[in-house]
Amino acid sequence: MAESEKQTMGFQAEVKQLLQLMIHSLYSNKEIFLRELISNASDAIDRLRYEALDKPELQEHDPDLKIRISFSPENRTITISDNGIGMSRDEAIAHLGTIAKSGTKEFLARLSSDQKKNDALIGQFGVGFYSGFIVADKITVESRRAGLPASEGIRWESTGEGDFTVEKIDRAQRGTDITLHLREGEDDFLTNWRLKAIIRKYSDHVSLPIQMLKEEWDNESKTMKTGTELETVNQANALWARNKADITDEQYREFYKHITHDLNDPLSWTHNKVEGRTEYNQLLYIPKEAPFDLWDRNKRGGIKLYVKRVFIMDDAEQLMPVYLRFVRGVIDSNDLPLNVSREILQESRDVKMIREGSTRRVLTMLEELAQSDDPAKKELYTTFWNQFGQVLKEGVGEDPGNKERIAKLLRFASTHNDSDVQNVSLDDYISRMKDSQVRIFYITAENYTAAKNSPHMEIFRKKGIEVLILTDRVDEWMLSFLTEYNEKNLASVAQGDLDLLKLADEEEKKQNEENQTDFKDTIEKMKTVLGKKVKDVRVTVRLTDSPTCLIADEKDLSGNLQRMLKAAGQKVPNMKPILEINPNHPIVQSLKYEDKHFDDWTNLLFDQAVLAEGGALADPAAFVKLMNNMLLDSVGKKSD
């Protein structure tokens, strides 16, 4: 075998960190390494199938695609072999020496001493190759990319420390052999029955044959010995193409782990054979935990596309809307061409129908959890909402055809529960509305405490009217599309006049009319003092304890949304707020008789209203100075 000189190269810094975690048993279940490496081998064969559609010569007269597992007790090694696409020298360096993924630093930052949590994160990130170092103190990879000459084979080797070696070798067979040199104490894996048990447990659903040498009874030694005949260990057929009645829940769960590298069980799944104008099989899963890169809207890869059992691509974003990017699974079409491209997917009517049908299936799956009378299923929906609720909210604006269905699935915090737990649906809210109430009231704020203590909430507390509390960043955007539900308008308690007098009794209405007259001159003076700071000043029935509050006009952006846009570096139109005053508050009442410090009191009340709604003062130092002067003046008056 002709060999070239070895070249030693250093691992990427992030890989070094990852290897240290692996070597110190990041996975709580060591046997998972075999599932990860079999999954990688399956992916390599899928890629060969896809590339061979245009280049049949890549099969090199070896169309019998398979994965082989072998072991040597004498050498203390396990080898996972495949005749898939293989790797060139540059690909081996890129794939095995670096993690070329966006979000790598964020991923590593989230790894902690919580081993169970780390297991799930490793799976989500899809770096299963490195799991081999859990049981091995050296890994040797020999590979040749399909289509390259035998002299372009490569050998990659590392002990999992700071570097690895790579060299060219002669390799007649395309594909990859990964040999694990086991650590001391890991000999438990060097038996035929143990490896078969792991394969059947985790990889039985892999659609390719996974083969091992068959054990045979040796009459002379009266023991089982490894023979020369290969046997297929797994069922080796596409799980999604099988009859649902023949598949156990455990097989569904293991298939999910195979395609996602997630160590957790899925939250729920749906398996369907769709027939009609477009025929396809779909097996879709909802994960139990959100991936670390959930908020990267460009990160896709949830849906694997097959055509007539042939793998096409593993990030078919055209098959699922962005707001359902957390969904994982397989779609196998009987109608799409085998040479389908991303461009064809975007324009295909069949793909549009598959996308719409798959979206409906996912929403139905969520509805069955959310609307179930079974406490266990309701708890599953709570888990889903806590992990993916903010992403589902994006669908209100992105999917008009399913807006009502999505709205039914939304959950919010509410004054009814007096907690920040998001478990109130819009239907729950409507069922508790007052007889005189015609709107669904909500408040948006940076956090639950700020919303709960907002001056805008005072009249609603007094009247016992429930208010939904929205604190997610996506809420303001979502509300621009969700303006009504079940023929009830949604209204912000901090925006517009809300027709609050409809909630008042006769005595309160009479008192409001008197206040409008009594404070007419005071309001005009305040308008003059505040000038361009405000759009208007008016008496309100909104307040019971606070002297003032700021509200946005009905067509203007809310104060919370304006602050969010500014924080994101967006240009915000100059929208002046409305200052509402509480005619029953002692400070406001004293303004009617104030002359000397009227301007100071007016500016102070305005600045207080800005702070109360979470805003920032234009000149904090001036506010502090003014407040101190007013306090000193007050103390002076009292001492006199």
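The UniProt record's numbering puts the first residue of the sequence shown at 1, with every later residue one more than the last.
Glycine included, each C-beta is placed from N, C-alpha and C at the ideal position.
Item                                                                                                                                                                                  : Value
In terms of residues, what are the limits of the alpha helix (DSSP H) holding glutamine 562?                                                                                          : 559-567
Under 9 Å between the Cβ atoms of phenylalanine 11 and aspartate 188?                                                                                                                 : no
Taking only three categories from DSSP, how would you classify leucine 468?                                                                                                           : strand
Nearest to asparagine 560 by alpha carbon, out of Val493, Arg542 and Val588?                                                                                                          : Val493
Among the candidates Val474, Arg432 and Arg242, whose CA atom is the shortest distance from the CA of glutamate 446?                                                                  : Val474
Span of the alpha helix (DSSP H) holding glutamine 437?                                                                                                                               : Element bounds for glutamine 437: n/a, residue is neither H nor E.
Helix, strand or coil: which one does DSSP assign to leucine 392?                                                                                                                     : helix
Inspect the CB distances between the segment 167-183 and the segment 33-47 and report whether three or more fall short of 8 Å.                                                        : yes
Count the other C-beta atoms from every protein chain shown that fall within 10 angstroms of the C-beta of glutamine 495, then say buried if there are 16 or more, exposed otherwise. : buried
Should methionine 9 be labelled buried (16 or more other beta-carbon atoms within 10 Å of its own) or exposed?                                                                        : exposed
If you draw a straight line from the alpha carbon of glycine 614 to that of proline 583, how long is it in whole angstroms?                                                           : 23 Å
Suppose the cutoff is 7 Å on Cβ atoms and the five residues either side in sequence are ignored; what does the same chain contact list for alanine 136 look like?                     : Leu180, His181, Leu182 and Arg183
With a threshold of 6 Å on Cβ separation, who are the neighbours of leucine 409 within its own chain once the five nearest residues in sequence on each side are excluded?            : Leu366 and Ala370
Under 8 Å by Cβ, that's how I've got alanine 612 and methionine 575 pegged, so tell me the actual separation to the nearest angstrom.                                                 : No, alanine 612 and methionine 575 are not in contact; Cβ-Cβ is about 18 Å, not under 8 Å.
Tell me which residues share the same chain as lysine 16 and place their Cβ nearer than 7 Å to its Cβ, disregarding the 5 neighbours each side in the sequence.                       : Gly162
Once the 5 residues before and after arginine 253 are set aside, which same chain residues still bring their CB inside 6 Å of it?                                                     : Asp265
Going by beta carbon distance, what residues of the same chain come within less than 6 Å of threonine 79, once the five residues before and after it are set aside?                   : Ser70, Asp177 and Thr179
For the 8 Å Cβ check, are there 3 or more pairs between the segment 448-461 and the segment 533-547?                                                                                  : yes
Under three-state DSSP, which class holds valine 534?                                                                                                                                 : coil
From the DSSP output, read off the bridge partner residues of leucine 213.                                                                                                            : Leu230
I need the boundaries of the alpha helix (DSSP H) containing lysine 304, first residue and last residue.                                                                              : Segment 303-307 is the beta strand (DSSP E) holding lysine 304; no alpha helix (DSSP H) there.
Identify every residue that forms a DSSP beta bridge with asparagine 281.                                                                                                             : Lys273 and Asp332
Residues in the same chain with beta-carbon distance under 7 Å from isoleucine 93, minus the five sequence neighbours each way, listed in chain order, please.                        : Met9 and Val166
Comparing alpha-carbon positions, which option in Pro287, Pro337 and Asn272 lies nearest arginine 360?                                                                                : Asn272
So the candidates are Asp54, Thr191, Thr159 and Arg145; which of them puts its Cα closest to the Cα of arginine 171?                                                                  : Arg145
Closest by CA to leucine 48, which one among Asn234, Ile312, Glu152 and Leu19?                                                                                                        : Ile312
Keeping to the same chain, check which residues put their C-beta closer than 8 Å to that of glutamine 7; ignore five residues upstream and five downstream.                           : Thr165, Val166 and Glu167
Using beta-carbon positions only, say whether phenylalanine 460 and phenylalanine 441 come within less than 9 Å of one another.                                                       : yes
Under a three-way DSSP split, which group does phenylalanine 411 fall into?                                                                                                           : The sequence as given places arginine at residue 411; phenylalanine does not occur at that position. Correct three-state label for arginine 411: coil.
Among residues of its own chain, excluding the 5 on either side of methionine 630, which ones have a beta-carbon nearer than 8 Å to its beta-carbon?                                  : His597, Asp600, Trp601 and Leu604
Report the residue from Glu5, Gly132 and Arg89 whose alpha carbon sits nearest the alpha carbon of glutamine 20.                                                                      : Gly132
With a Cβ-Cβ cutoff of 9 Å, do arginine 328 and serine 207 count as a contact?                                                                                                        : no
Is it buried or exposed, threonine 415, if we count other Cβ atoms within 10 angstroms and call 16 or more buried?                                                                    : buried
Report, in whole angstroms, the separation of the C-beta atoms of phenylalanine 255 and proline 287, which I expect to be a contact under 8 Å.                                        : The Cβ separation is near 14 Å, so there is no contact.
Can you have a look at tryptophan 269 and say buried or exposed, based on whether 16 or more other CB atoms are within 10 angstroms of its CB?                                        : buried
Could you give the DSSP three-state label for lysine 66: helix, strand or coil?                                                                                                       : coil
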